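K.L.:
Numbering (UniProt numbering), first residue to last: 1 to 285.
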């Protein structure tokens, strides 16, 4: 009898948990579904109906939205974001993994102090560092270029990624390094041929985070870039909103959907490595 009650209780609890998770999933995905639905509606229907099913499917919002602003199509802003994001992601992965390898595998004078100082920068909000960065980049003549973004990623200015990578590398047995060293492998060779392949999940997580953050960044490009020709996709989206006296929400919804599409594709393409990287980074160290 007790077993039967326990079994029923287990089924009830599992059913309730599934229902709660399903409800939460619907709540979180509803804005995306609404955006998808709204992109196929006319502006009038969008303002008068909350239904997710449009009365008639129209691609006018995509066609009109893709025309962009002035002589610049929305594809031009997408291309600019690609030119900005791809090098930033590559530089971030390379520089952060190198710095993390140094902190995780080598002990040197001031090791703890430097590591603590690096971690302390995680507590600094962007508003604190944006002014000195702007002054420095202006004196260097880097404003209105993508060089400030490349420089920050090339010199490992993202402590969150360094810390995550350090935790992962510390979970890799040092016996692997010692065996490779005895076989004649150099320190850099150990990093390239032993550490990086094992740290692939963490590297993918790092790349996905940086891609999404940089692609969706509006504030920093707004500060450092002032030429419309070099605007990123988020700046271009804002320009499309301000291009007329009244906002045409249909094209805006269509462009917003197009803007987030690369992030969605990247995430699902590397979902396996991303989940594994987040899980193992939290367990190791």
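Here a beta-carbon is modelled for each residue, glycine too, at the ideal position from N, C-alpha and C.
If you're wondering where the values come from, they're calculated on a predicted model, not measured in any experiment.
For residue 112, count neighbouring Cβ atoms within 10 angstroms of its own Cβ and tell me buried if that reaches 16, exposed if not.
P.N.:
Residue 112 comes out exposed.
K.L.:
Between which two residues does the alpha helix (DSSP H) holding residue 174 run?
P.N.:
It spans 174-182 - the alpha helix (DSSP H) in which residue 174 sits, taken as one unbroken run.
K.L.:
Taking the C-alpha atoms as reference points, what is the distance between residue 283 and residue 94?
P.N.:
For residue 283, the predicted structure reports a pLDDT of 46, less than 50, and the residue's modelled location is therefore unreliable. A value from the coordinates is still provided. Going from the Cα of residue 283 to the Cα of residue 94 covers about 23 Å.
K.L.:
What does the alpha-carbon distance come out to for the pair residue 257 and residue 36?
P.N.:
Going by the C-alpha atoms only, they are around 7 Å apart.
K.L.:
Could you tell me the alpha carbon to alpha carbon distance between residue 50 and residue 24, rounded to whole angstroms?
P.N.:
Spanning the two alpha carbons is a distance of roughly 20 Å.
K.L.:
Indicate the three-state DSSP secondary structure (helix, strand or coil) for residue 101 in the structure shown.
P.N.:
Residue state, collapsed to three classes: helix.
K.L.:
To which residues does DSSP link residue 69 through a beta bridge?
P.N.:
Answer by DSSP bridge pairing, in chain order: 72.
K.L.:
Might you give, ordered along the chain, the residues of its own chain that have their beta carbon closer than 7 Å to the beta carbon of residue 198, omitting 5 neighbours on each side?
P.N.:
Hits under 7 Å: 172.
K.L.:
Given residue 43, which residues of its chain have a CB within under 8 Å of its CB, disregarding the five upstream and five downstream residues?
P.N.:
Answer for residue 43: 248, 249, 250, listed in chain order.
K.L.:
Around the C-beta of residue 132, are 16 or more other C-beta atoms found within 10 angstroms, so that it is buried, or is it exposed?
P.N.:
Looking at its Cβ environment, which holds fewer than 16 other Cβ atoms inside 10 Å, residue 132 is exposed.
K.L.:
Since residue 132 is in the alpha helix (DSSP H), which residue starts that stretch and which ends it?
P.N.:
From DSSP, the alpha helix (DSSP H) with residue 132 extends over 126-140.
K.L.:
For residue 266, I'd like the list of residues in its chain whose CB is within less than 8 Å of its CB, leaving aside the five on either flank, ordered along the chain.
P.N.:
Counting only Cβ-Cβ distances below 8 Å, and skipping sequence neighbours, we find 208, 211, 212.
K.L.:
So, helix, strand or coil for residue 217, using DSSP?
P.N.:
Residue state, collapsed to three classes: coil.
K.L.:
Smallest Cα separation from residue 104: which of 260, 170, 22, 71?
P.N.:
Ranking the options by Cα distance to residue 104, first place goes to 170.
K.L.:
According to DSSP, is residue 287 helix, strand or coil?
P.N.:
The question about residue 287 has no answer here: the residues shown for the chain are numbered 1 through 285.
K.L.:
Please determine, among 185, 122, 195, the residue with the shortest C-alpha to C-alpha distance to residue 159.
P.N.:
The residue with the shortest Cα to Cα distance from residue 159 is 122.
K.L.:
Is the distance from the Cβ of residue 148 to the Cβ of residue 137 below 8 Å?
P.N.:
Cβ atoms of residue 148 and residue 137: closer than 8 Å.
K.L.:
Does DSSP put residue 43 in a helix, a strand or coil?
P.N.:
Three-state DSSP puts residue 43 in a helix.
K.L.:
I need the DSSP call for residue 229, collapsed to helix, strand or coil.
P.N.:
Note: residue 229 maps to helix in three-state DSSP.
K.L.:
Taking the alpha carbon of residue 168 as the point to measure from, which residue in 186, 156, 34, 204 has its own alpha carbon closest?
P.N.:
Ranking the options by Cα distance to residue 168, first place goes to 204.
K.L.:
Just checking my contact of residue 92 with residue 164 at CB under 8 Å: how many whole Å lie between their CB atoms?
P.N.:
Not really, about 12 Å apart at Cβ, beyond 8 Å.
K.L.:
Please name the residue in 106, 107, 157, 109 whose C-alpha comes closest to that of residue 130.
P.N.:
It is 157.
K.L.:
Pairs of beta-carbons, one from the segment 229-240 and one from the segment 79-91, closer than 8 Å: are there three or more?
P.N.:
Cβ pair count under 8 Å is three or more, so yes.
K.L.:
Within 10 Å of its beta-carbon, does residue 221 have 16 or more other beta-carbons around it, so buried, or fewer, so exposed?
P.N.:
Answer is buried; the Cβ neighbour count reaches 16.
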